[in-house]
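Residue numbers (this note's numbering), protein chains in the order written: chain Y, 1 to 213; chain G, 1001 to 1213; chain P, 2001 to 2213; chain B, 3001 to 3213. Note that the Cβ used here is the ideal one computed from N, Cα and C, for glycine as well. Only a predicted model underlies this, so the values are computations on that prediction, with no experimental measurement involved. Everything below concerns the one structure shown next.
Protein chains: 4
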Amino acid sequence: MGAMPTRALPAQTRRAPASARGARTRQALVEAARTVFERDGFIDARITDISAEAGVAAGSFYTYFTGKEDVLAAVLAEVEDEMLHPRLREFADRDDPVTVIETANRAYLEAYRRNAKLMGLMEEVAQVDERFRRLRRRRMRAFAERNAQALARLQEQGIADPALDPRLAAQALSVMVSRMAYLRYVDGFGNDSTDALAATLTRLWTGALGIRR
Amino acid sequence: MGAMPTRALPAQTRRAPASARGARTRQALVEAARTVFERDGFIDARITDISAEAGVAAGSFYTYFTGKEDVLAAVLAEVEDEMLHPRLREFADRDDPVTVIETANRAYLEAYRRNAKLMGLMEEVAQVDERFRRLRRRRMRAFAERNAQALARLQEQGIADPALDPRLAAQALSVMVSRMAYLRYVDGFGNDSTDALAATLTRLWTGALGIRR
Amino acid sequence: MGAMPTRALPAQTRRAPASARGARTRQALVEAARTVFERDGFIDARITDISAEAGVAAGSFYTYFTGKEDVLAAVLAEVEDEMLHPRLREFADRDDPVTVIETANRAYLEAYRRNAKLMGLMEEVAQVDERFRRLRRRRMRAFAERNAQALARLQEQGIADPALDPRLAAQALSVMVSRMAYLRYVDGFGNDSTDALAATLTRLWTGALGIRR
Amino acid sequence: MGAMPTRALPAQTRRAPASARGARTRQALVEAARTVFERDGFIDARITDISAEAGVAAGSFYTYFTGKEDVLAAVLAEVEDEMLHPRLREFADRDDPVTVIETANRAYLEAYRRNAKLMGLMEEVAQVDERFRRLRRRRMRAFAERNAQALARLQEQGIADPALDPRLAAQALSVMVSRMAYLRYVDGFGNDSTDALAATLTRLWTGALGIRR
DNA sequence: AATGAATGAGCATTCATTCAT
DNA sequence: AATGAATGAATGCTCATTCAT
């Protein structure tokens, strides 16, 4: 399966640093930006705070980035592999579908929890910037299509409810998991354990798909 | 069913207008605020735009409201009944659970679609203001508890999967519907018809709950 | 003859103040702007200096003007009547054309000298801002046309050289006077007296037009 | 007639390049500067644009020049012969003064037209930098003195109006031509042909000087 | 109650110039 | 000689909020 092929944001950006020193400065800025974003959120983060946190002059920021959105894109690019949607792995006929689903859901919840700050940041910025909204849509579409294929396969095998629209069903169930993760780990809603969440969500998935246990 | 029990936001607010003229001005401001919020979003809306839209002087705004959040609370209070979560009505033993669920989901999707601007506003503002985030949590909890009770009853009757945590399951399924509605009607994701959405979501609900058809 | 009909600059501007207090503040800003512009020139003038000179808060500037160009337009509007190009008054057949020309030239030189700072400002800003360049062209055209008519009349009367293109000739002679005034009073070129300048320029005009003395 | 006696600007400048490579880089910068100045004007031209246009690193600029004024001086030095004022050539008693004047005016207008960008640059920069203002004054003085001598000679010969102050008259008439050229070719005022301009200006010159045709 | 003028904090961004490699 | 990264000063403009009429 490997890493998700999400391309970089089509963000206008500066050219890559030509020297090692430049690469170091750029990196320092990306790390500082992550710190500041996680601490203050996207809207309240000031460019000067990022520069200060990175220990460079205010103007140096613009040597590498065109603005806040641009660094954010760089920050997100760095953690792209962890920014998952719940995704079923390919499974062979002999695999137990319930286990596959459970594994995917649990992995997703745990990744979300680990990167909660960043995931919240994504939601915040998607609310505010069309470019990131587009990115979110693109990612979701990619995941939904993948899961739709897995679901279609289960239907062909007579394992899943054939009456379901595989695309819509896959999307809805993905969204259920990701939104629950958001509410639990970002919004602070409820205090259920990741285990409890994973168990319930998996049971809902399998039931929803009509998979017999 | 009756009115939703969500109390008004504990927003600091000015006293109610004493005169009829004052009442009219206040009302004009609330309506203007809704117009401006729906047009520009919460963050980009400026108090002066609201005053201008209402046809009053800038300063008059503060006679009635303490700030942007305060008017927004007033706007939301006016349309409170339209701000729904998917909710199962009480149902008697003779009712068909599938029909009850389908009706609730369809009604919710349609209400969401009708009030898409406002629902998007809620999401935007929840992202930005803790007080509205709290409001959102409170509402969700109320709905989830209601639906949890309905679900528990279905379990008692042997209709729904007894292995499910009724509270978590109710929350997850509600969240699935409301997030799908947000993506479809606010974010512009996909182009599925409300019928298709309602059908798929209902099928997922019933399957997830283990209700036999 | 009366005031020149030069319309206001098509500059985007704020609405006029509604109260007497507002009118006073606006006026203070216009006067402060003139002071600052004459002292520092257009490019080096800072909005905050103008606000400070007027004794108002920085932000108040924007209650009345949209920017530096906008105040400058207001400053220039106030002194519009003094901002002349050399212009022949209407004259009857019995008037001595030489005297008419001499009077116009002298008046122009004196007005230019009096408003030298402002005239220099005009040249500076025309160099920098297309809107003012347009204004300068428009004014010049208006003056040239007027003088061209006077010249054509002299030609009809057999007083002026009939071989001259009245429009081009009028423009060239006007330009000669105004540029000499600029060099003398703004640029500091030479140290000839206004009398000497007026005498020479008039002699050149009359000779150029072929008027017999 | 020979080269114009205007010395180079007393601009502070770096030493001449020692190596052939250095000479090439310097030359590339001068040419790039001319390109950028003609394209963007003096004020809007950025040093980094000049370096980029020359294909060298930003810092290399300072190996050869101290700043923008300094390169500009180098650019102007390269085209010094083209930066003319209207100037009468020496003429013998047998020459027709009208022809001499006409030739000078036409040559000037054509040179101005050819170098309009550069002439406009000179005006722009004179508005902004005292050093170039001084240069402009010095040139004008040199030309006016030359023409004053020619005029005085015509007066001695009984050809030109003896009542004119030769210096002021020469200056005024030169200024008339050069300003008309500026307005026509830089500012875009009017659309008269160079022929028409030359004809009118010459007629005005000869009339102004009282030369019989 | 309404008016509308005044306040003033707050921050992004550019670009000439330097200087270590 | 050339490179190119780092510096950092400098200022325009918005808009929520107050308060004198």
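Check, Outcome
"Within chain B, the residues that glycine 2210(P) reaches when beta carbons sit closer than 7 angstroms", "Gly3207"
"Cβ neighbours of aspartate 49(Y) in the same chain (closer than 6 angstroms, five flanking residues each side left out)", "Val36"
"Residues of the segment 1025 to 1049 of chain G whose Cβ lies closer than 8 angstroms to any Cβ of chain Y, in chain order", "Ile1043"
"Buried/exposed call for glutamate 2069(P), threshold 16 Cβ in 10 Å", "buried"
"Chain-ordered chain Y contacts of leucine 1173(G) [CB-CB under 8 angstroms]", "Met176, Leu204"
"Outcome for proline 1097(G) when other beta-carbon atoms lying within 10 angstroms are tallied against a minimum of 16", "buried"
"8 angstroms Cβ cutoff, leucine 1072(G) in contact with chain Y", "no"
"Three-way DSSP call (helix, strand, coil) for isoleucine 101(Y) in this model", "helix"
"Spatial neighbours of arginine 3203(B) in its chain, beta-carbon cut-off 6 angstroms, leaving aside the 5 residues before and after", "none"
"Minimum Cβ-Cβ distance from glutamine 1127(G) to chain Y less than 8 angstroms", "yes"
"Distance CB(leucine 121(Y))-CB(leucine 209(Y)) smaller than 8 angstroms", "no"
"Where glutamine 3171(B) falls, given that 16 or more other Cβ within 10 Å makes a residue buried", "buried"
"Amino acids of chain Y, ordered along the chain, whose beta-carbon sits closer than 7 angstroms to that of arginine 1179(G)", "Val175, Arg179"
"Under 8 angstroms from the C-beta of leucine 1197(G): neighbouring residues of chain Y", "Leu168"
"Beta-carbon gap between asparagine 115(Y) and valine 79(Y) smaller than 8 angstroms", "yes"
"Chain Y within 8 angstroms of glutamate 1145(G), Cβ atoms only", "no"
"Within 8 angstroms, strictly: CB atoms of phenylalanine 1061(G) and methionine 140(Y)", "no"
"Any C-beta of chain B under 8 angstroms from that of leucine 2076(P)", "no"
"Alanine 2126(P) versus arginine 3179(B) - alpha carbon distance", "15 angstroms"
"Selected residue, minimal CA-CA separation from phenylalanine 3065(B), among Asp3040(B), Leu3029(B), Thr3206(B), Gly3041(B)", "Leu3029(B)"
"Cβ neighbour criterion (16 or more within 10 Å) applied to alanine 1196(G)", "exposed"
"Alpha-carbon spacing of glycine 3207(B) relative to glutamate 3031(B), whole angstroms", "43 angstroms"
"Nearest candidate by alpha-carbon position, reference isoleucine 2159(P), set Ser2051(P), Arg2212(P), Arg2046(P)", "Arg2212(P)"
"Which of helix, strand or coil DSSP assigns to tryptophan 1211(G)", "One point to set straight first is that residue 1211(G) is isoleucine, not tryptophan, in the sequence displayed. Of the three classes helix, strand and coil, the one that applies to isoleucine 1211(G) here is coil, per DSSP."
"Neighbour flag for alanine 1163(G) against chain Y, beta carbons, 8 angstroms", "yes"
"Residue-level contact to chain P via CB, aspartate 3096(B), 8 angstroms cutoff", "no"
"Segments of 4+ residues assigned as alpha helix (DSSP H) that fall wholly inside the segment 3104 to 3138 of chain B", "3116 to 3128"
"Contact under 8 angstroms by Cβ, valine 3177(B) with leucine 3201(B)", "yes"
"Alanine 16(Y) - DSSP class collapsed to helix/strand/coil", "coil"
"Cβ of threonine 2099(P) within 8 angstroms of any chain B Cβ", "no"
"Three-state class that DSSP yields for threonine 3206(B) in the structure shown", "helix"
"8 angstroms Cβ cutoff, leucine 201(Y) in contact with chain G", "yes"
"Within chain P, the residues that leucine 3183(B) reaches when beta carbons sit closer than 9 angstroms", "Arg2137, Met2140, Gln2171, Val2175"
"Interface flag, glutamate 1156(G) vs chain Y, CB-CB below 8 angstroms", "no"
"Beta-carbon proximity of valine 2175(P) to leucine 3109(B), cut-off 8 angstroms", "no"
"Option nearest glycine 1055(G) by Cα separation, candidates Ala1073(G), Ala1104(G), Ala1033(G)", "Ala1033(G)"
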